[in-house]
Amino acid sequence: MSLGRRERRKLATREALLDATQVLLASRTMDALSVDEIVQRADVARGTFYNYFADKDALERELAAHVRTRVENEIARINEGISDPAERIARAFCCVLRFFLREREQAAAMARLFPRATDPAAPINSGVRSDVTKGLERGRIVAPSEDVAVAAIVGVFMAGVNRALDLPSGKAGTVAIGMGTILLHGLGISRSQAERVMSQAVQSVLH
């Protein structure tokens with residue numbers, strides 16, 4: 033069922049507020065932003081903000097959910113039909129790199145929206161945890177605990193994004209293979225196999 037003109041306008045206004053906040057988060061924290069700055073960037077009246085969000089906290093929650101959903105959906109699409117937990121982790125790493133290299137403003141916003149992203153229990157890490165659980169159950173990966181494995185994986189993902197953003201375009205593949213190989217090797221996979229898995233993931237996802 034198609035949306036009417038009014039519904040389309042409301043949706044566009046909500047998206048404008050979310051987009052404006054995301055752009056502003058590239059250089060400042062949410063606490064440092066004012067509603068006035070957000071509505072000015074979105075080119076809407078101040079009162080309009082409160083037609084959509086009760087306060088900045090509500091806006092932050094929706095923006096975080098929006099970014100998280102986009103990342104999760106992209107990883108799910110990339111890993112569709114892939115059952116090996118090691119391959120899924122490798123491909124997810126490449127997917128995250130590709131996503132944030134294309135959406136650089138979202139990379140900065142992500143860091144500010146998810147300051148506890150390395151927390152293994154954080155909702156944004158549910159997909160990684162699922163792969164870790166299956167990997168440990170099958171003996172495909174090894175780790176002292178699920179929490180340790182999830183924290184290590186997410187830490188490498190974040191470090192990889194930060195490093196890739198600082199390098200010239202075209203270098204992301206080298207970063208992914210190097211850091212991903214160390215990650216998988218640390219999870220109990222032989223170095224040669226880890227490098228092969230990462231190289232295949234880079235070829236499939238990043239190139």
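Count along the sequence shown starting at 1, add 32, and that's the number in the working numbering.
Even glycine gets a Cβ: it sits at the ideal position worked out from N, Cα and C.
Proximity below 8 Å, CB of residue i to CB of residue j
i    : j    : result
G212 : A184 : no
I173 : I221 : yes
A233 : A122 : yes
L216 : V237 : no
R78  : D89  : no
L145 : V71  : no
L56  : R73  : yes
I114 : C127 : no
E178 : P152 : yes
L91  : T61  : no
N111 : R120 : yes
V180 : R161 : no
G202 : H239 : no
Residue i - containing alpha helix (DSSP H), residue span
i    : result
H217 : A204 to G218
E135 : Neither: E135 is in no alpha helix (DSSP H) and is coded neither H nor E.
Q235 : Careful: Q235 lies outside any alpha helix (DSSP H) and carries neither H nor E.
Beta-carbon separation (whole angstroms), residue i vs residue j, contact threshold 8 Å
i    : j    : result
F189 : F125 : 6 Å
V193 : L129 : 6 Å
A117 : G167 : First, the amino acid is wrong: residue 117 is Pro here, not Ala. Going by Cβ atoms, the distance from P117 to G167 rounds to 3 Å, so yes, they are a contact pair.
R148 : A139 : Not quite, the Cβ-Cβ distance comes to about 17 Å (not below 8 Å), so this is no contact.
R134 : L197 : Between L197 and R134 the Cβ distance is about 11 Å, and since that is not below 8 Å, they are no contact.
V207 : R195 : 5 Å
A58  : A141 : 6 Å
S231 : I209 : 6 Å
V76  : A48  : 6 Å
So within the segment 42-122, which uninterrupted alpha helix (DSSP H) runs reach at least 4 residues, ignoring any that extend past its ends? Complete alpha helix (DSSP H) runs here, min 4: 67-74, 78-84 and 88-110.
Complete alpha helix (DSSP H) runs within the segment 138-205 (minimum length 4 residues, chain order): Every alpha helix (DSSP H) of 4 residues or more that sits fully in the segment 138-205 is shown, in chain order, as 158-170 and 178-198.
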